[in-house]
Amino acid sequence: MRKFNIRKVLDGLTAGSSSSSSASSSSQQQQTATRENDVQETLQSEHFQLCKTVRHGFPYQPSALAFDPVQKILGIGTQTGALRLFGRPGVECYCQHDSGAAVIQLQFLINEGALVSALADDTIHLWNLRQKRPAILHSLKFNRERITFCHLPFQSKWLYVGTERGNIHIVNVESFTLSGYVIMWNKAIELSSKSHPGPVVHISDNPMDEGKLLIGFESGTVALWDLKSKKADYRYTHDEAIHSVAWHHEGKQFICSHSDGTLTIWNVKNPTKPLQTITPHGKQVKDGKKPEPCKPILKVEYKTTRVGEPFIILSGGLSYDTVGRRPCLTVMHGKSTAVLEMDYSIVDFLTLCETPYPNDFQEPYAVVVLLEKDLVLIDLAQNGYPIFENPYPLSIHESPVTCCEYFADCPGDLIPALYSVGARQKRQGYSKKEWPINGGNWGLVTRSYPEIIITGHADGSIKFWDASAITLQVLYKLKTAKVFEKSRNKDDRPSTDIVDEDPYAIQIISWCPESRMLCIAGVSAHVIVYRFSKQEVTTEVIPMLEVRLLYEINYIDSPDPEQVPPLPTPGTGSNPQSIAPQSHPSTSSSSSDGLRDNVPCLRVKNSPLKQSSGYQVELVIQLVWVSGEPPQQITSLAVNSSYGLVVFGNCNGIAMVDYIQKTTLLNLGTIELYGSNDPYRREPRSPRKSRQPSGGLCDINEGTTVQEDRCKSPTSAKMSRKLSLPTELKPELDVRDNSFSRSRSSSVTSIDKESREAISALHFCETFTRKADTAPSPCLWVGTTLGTVLVVALNLPPGGEQRLLQPVIVSPSGTILRLKGAILRMAFLDTTGSLVPPAYEPWREPNVPEDKEEKEKLKKRRPVSVSPSSSQEISENQYAVICSEKQAKVISLPSQNCTYKQNITETSFVLRGDIVALSNSICLACFCANGHIMTFSLPSLRPLLDVYYLPLTNMRIARTFCFTNNGQALYLVSPTEIQRITYSQETCENLQEMLGELFTPVETPEAPNRGFFKGLFGGGAQSLDREELFGESVAGKASRSLAQHIPGPGGIEGVKGAASGVICELARARLALDERGQKLGELEDRSAAMLASADSFSKHAHEMMLKYKDKKWYQF
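Following this line, the structure appears as structure tokens:
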């Protein structure tokens, strides 16, 4: 308990309220004295640890691009200081600069396993990529000058850094120290310009002579600087501002792109005027006049081939009269010019070439184009320049994500089934070649269970993703808008729309992986039920139901505040002037006094609908306008394949539909669920209409016609006619009074602060409905925003033919439970503490006729309603786990005693709560608006984890955060990226092995051959001893105030993180040492043998000498 109290104090401090940490409000656990079954709980605090795993999706707001042509690794920097690295499909890495400053340039140390990043805060950083989680080794912060351009020559350790003042500094990338050698702008231009030449926009060395540096200034001046003599050899001046410069590989020509849409090609030795001026998109003008100016050419690249003409590739430069034209990449090859239109504006592009050497024929084979919201790779080797099919999961944001769900440990046949139907949706016309960015190696897969992520989008589409083993791959895309008539223009739009844009946007997804039933709720108060089929069908008439759901009351008084949260003030709930006149429901589109009535917001297609294999429409349900008031958006949704039911609710009430018989079973205002047990004193706004005495049950024979409404009521109070999309939502959050009025699915309550009681949670289950029950039976548990849980009993007919004919009987049971805060999640445990999943029917192909016997066999766990006829002793047979915005309770069933209680937070509120499986046990995982992630054991609700992770900075996080089994969770960290995290200690420990390797040992290609004549007569590449020029012994030390060196964490982290990545290299080195030692040992043995032999020879020679010492020559 001590640890827990400290946690709550921290929780209070985080939320900014000192009063919350009082002893009286500290979280408590209540335990009933007579507990029959104590569940053995296995989860402990040491099973939990929180860490980020991987980030998927397109880098949000990209700003820089780089490529290592030997390692085949692509790097992308963003405006928020993020760094994303891509290798072969499945090898991705995300890093973040702590400052959060925009990345202005990236430079790989080619084939060295390192990367230099330059940031907008005038820092440069050296990243070590030889470890699975790259880290910064060194940083250098410039104090007096702003960085504008960097250049690192191939196989050089000296980095040129150009600045806004026009100067160039030189950094040793090994030690990250500044050289004393500086190229000052006034020395570079001398008298060629009377004014300052502007910032440095380009630096590159002559491909054939490393001692000559080409410096481009923004104003239009270019200087060729001789590094040895420290003076400019040539200066090239042009009237128009320069954006980029590129060399011809022979070093005799270079090309500049300008702000007027022109390209100038210069001969190195002729600085007086350009050799050629080209306006790629300028109109042909006669009489020698200058062509009309075009938009700036932001970048140009000049790439040569051994056979054929060189490629000139550029971005921008379009004519100003091409209004509305999309951004273009232009490829000029010989006399042909191809203009490739892009969907988004171009941030940067790079040409991928066969060689890393700038002084060789480049042989370009592809162009990688970084767009504002996409990454495109163009094949230069094929006619028509087709694009490569992108294997990375970069299309998450194709339409803005409005909701998402995460399912770990799914049935094993699901991913292959979704992949097979999704494979038929693939576009044609891609390049036939393999994706060329293929560096790195995959990590080891230590866990192999299927994981699926489902994303709902603003255009009504739904995407299924394979998320197994920390990768992400799109499986299948479903377009829900296909069932509706589309308005061709704004004028043609039906006046029933309740949203300005994206009327098909998905708000809630309910999916049963076992039965493959899918149900979605959309922003236009529509619900669609889908079945999965591998067969293509044509639906002649789309089955549809229209539901009239409206109930309005005044809140007069509330029960004891200890039991329920305080209600907002009554004054905010109603406005007498806004009450519309009453009218009886009718099937016409307008009521007796001209108000819109009984019409849905969208029109369902009345023509036959061809449905390809995959998810096919089973039923469309729409809420209709009532007496001039639009339907309220749906706040909760649940589907059950075993019962054949779908249920949904909003701030007016609840509706249940039998999707097998296509009938409405339940249509009640929230108050009617309470019956006579309503704890709130509420009155209708005006006299009630005559009602059928069915207590909210619908006649089974109503079919698809608009039925007599079961809860006819006055119209709703004043509201905004146009509801904002979920993406625009802002929570009504006030820390001072700890109130938070909002709807989780953007119902109108978050806009006009009405205090209506909305349905916030729904859960089908087979449990004890009332205290007197002796056996579980099918029922629906309903949670509301006022913290009430109500139970609705379901009486289902037997399976088979009778299910199609007999009605389902639905009745409120009278069981009411209460918690603080809106109800978020409900689940049920058995006496062993295991999760009791909702009943489901296993999937079977719906479009293939089967025998009755087979159908009966396939029915799994068909629930039946059992009446408590036997007089057996009632025991605690189940636990209900209920999580609200403020607290969690575990209630024993059927006695309905509160066995355990935990106040999760006093000063904040829970955004998402899920009951999940982990390490063969169950726990409750919660994410709070104050940024805390917490887990609790079940059923005892012991705190196991409490980590401050992420404050609620926008509603996107609240809308997309979800937990799933095996310690996995995710949320949308930006509009284009999914961040996956784990709260499992085991996964954190195994993560290092699971991550891919970015760096792999690769031989650097051989340098181009200079040739006999070039070697004989000079020419060819001239090398330069940069150490001699820039080293401290010659150039001296740079001024200390110019830049500050900051050692990075990568030094220590590199040792830890690279341990697994470098282990193979160490093993190789150790093996080599062993072999060398063995050889040295053998050599030593041989040397010893030779020494012994030499000694023996010496002894014999001495003896011979003594023997023949005194003999004359003729005595031999």
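Numbering (the numbering used here), first residue to last: 881 to 1996. Idealized CB from N, CA, C, for every residue including glycine.
Per-residue burial, residue i [other beta carbons within 10 Å of its own, 16 or more giving buried]
{"i": "Gly1042", "result": "buried"}
{"i": "Thr1884", "result": "exposed"}
{"i": "Lys1179", "result": "buried"}
{"i": "His1406", "result": "buried"}
{"i": "Arg1622", "result": "Note on Arg1622: pLDDT 37, under 50, position unreliable in the model; the coordinate value appears next. It is buried - the Cβ of Arg1622 has at least 16 other Cβ atoms within 10 Å."}
{"i": "Ala946", "result": "buried"}
{"i": "Arg1906", "result": "buried"}
{"i": "Ser1493", "result": "buried"}
{"i": "Gln1415", "result": "exposed"}
{"i": "His1980", "result": "exposed"}
{"i": "Val1796", "result": "buried"}
{"i": "Ser1395", "result": "buried"}
{"i": "Ser1973", "result": "exposed"}
Between the CA atoms of residue j and residue i - distance to the nearest angstrom
{"i": "Gly1876", "j": "Tyr1759", "result": "43 Å"}
{"i": "Glu1243", "j": "Thr1184", "result": "6 Å"}
{"i": "His1277", "j": "Pro1176", "result": "29 Å"}
{"i": "Gly1847", "j": "Leu1804", "result": "11 Å"}
{"i": "Gly1319", "j": "Glu1365", "result": "47 Å"}
{"i": "Lys1781", "j": "Phe928", "result": "22 Å"}
{"i": "His1643", "j": "Thr1785", "result": "24 Å"}
{"i": "Asn1008", "j": "Ala1288", "result": "33 Å"}
{"i": "Pro1014", "j": "Cys975", "result": "7 Å"}
{"i": "Ser1153", "j": "Phe1191", "result": "The question names Ser, but residue 1153 is Lys in the sequence shown. About 23 Å."}
{"i": "Ser1404", "j": "Gly1555", "result": "30 Å"}
{"i": "Leu965", "j": "Ile956", "result": "6 Å"}
{"i": "Asp948", "j": "Trp1127", "result": "19 Å"}
{"i": "Ser1976", "j": "Arg1010", "result": "56 Å"}
{"i": "Glu1983", "j": "Arg1966", "result": "26 Å"}
{"i": "Ala982", "j": "Ala994", "result": "20 Å"}
Beta-carbon separation (whole angstroms), residue i vs residue j, contact threshold 8 Å
{"i": "Cys844", "j": "Pro1718", "result": "Because the chain spans 881 through 1996 in this model, residue 844 falls outside it and cannot be assessed."}
{"i": "Val1427", "j": "Tyr1539", "result": "Wrong, their Cβ atoms sit about 13 Å apart, outside the cutoff."}
{"i": "Val1671", "j": "Thr1695", "result": "4 Å"}
{"i": "Leu1294", "j": "Ile1332", "result": "7 Å"}
{"i": "Phe938", "j": "Lys1253", "result": "6 Å"}
{"i": "Pro1160", "j": "Met1088", "result": "Pro1160 to Met1088, Cβ: 27 Å. No contact."}
{"i": "Thr1712", "j": "Tyr940", "result": "Their Cβ separation, rounded to whole angstroms, is 45 Å, which puts Thr1712 and Tyr940 out of contact at 8 Å."}
{"i": "Pro1423", "j": "Val1519", "result": "Incorrect: roughly 15 Å between the Cβ atoms, too far for contact."}
{"i": "Ala1638", "j": "Gly1529", "result": "7 Å"}
{"i": "His936", "j": "Ile1858", "result": "5 Å"}
{"i": "Val1882", "j": "Asn1023", "result": "That pair is no contact at about 38 Å."}
Distance CB(residue i)-CB(residue j) smaller than 8 Å
{"i": "Pro1819", "j": "Val1770", "result": "yes"}
{"i": "Tyr1237", "j": "Ala1968", "result": "no"}
{"i": "Val1249", "j": "Met1222", "result": "yes"}
{"i": "Ser1487", "j": "Tyr1720", "result": "no"}
{"i": "Phe1029", "j": "Val1062", "result": "no"}
{"i": "Ser1693", "j": "Val1227", "result": "no"}
{"i": "Val1827", "j": "Leu1704", "result": "no"}
{"i": "Gly1197", "j": "Gly1141", "result": "yes"}
{"i": "Gly1701", "j": "Gln1767", "result": "yes"}
{"i": "Ser851", "j": "His1123", "result": "This structure gives no information on residue 851, because the portion of the chain shown stretches from 881 to 1996."}
{"i": "Ser1195", "j": "Phe1229", "result": "yes"}
{"i": "Pro1273", "j": "Val1354", "result": "yes"}
Per DSSP, the bridge partner or partners of residue i
{"i": "Met1536", "result": "Val1527 and Leu1546"}
{"i": "Lys1769", "result": "Ile1762 and Lys1781"}
{"i": "Leu1094", "result": "Ser1084 and Leu1104"}
{"i": "Phe1134", "result": "Trp1127 and Trp1146"}
{"i": "His936", "result": "Ile1858"}
{"i": "Asn1520", "result": "Leu1525"}
Contact test: residue i Cβ vs the ligand MG heavy atom, cutoff 7 Å
{"i": "Leu1220", "result": "The ligand MG is not among the ligands present in this structure, which contains no ligands whatsoever."}
is_contact[residue i, chain B] using C-beta, thresh 8 Å
{"i": "Val1526", "result": "No chain B is present in this structure, which holds just one protein chain."}
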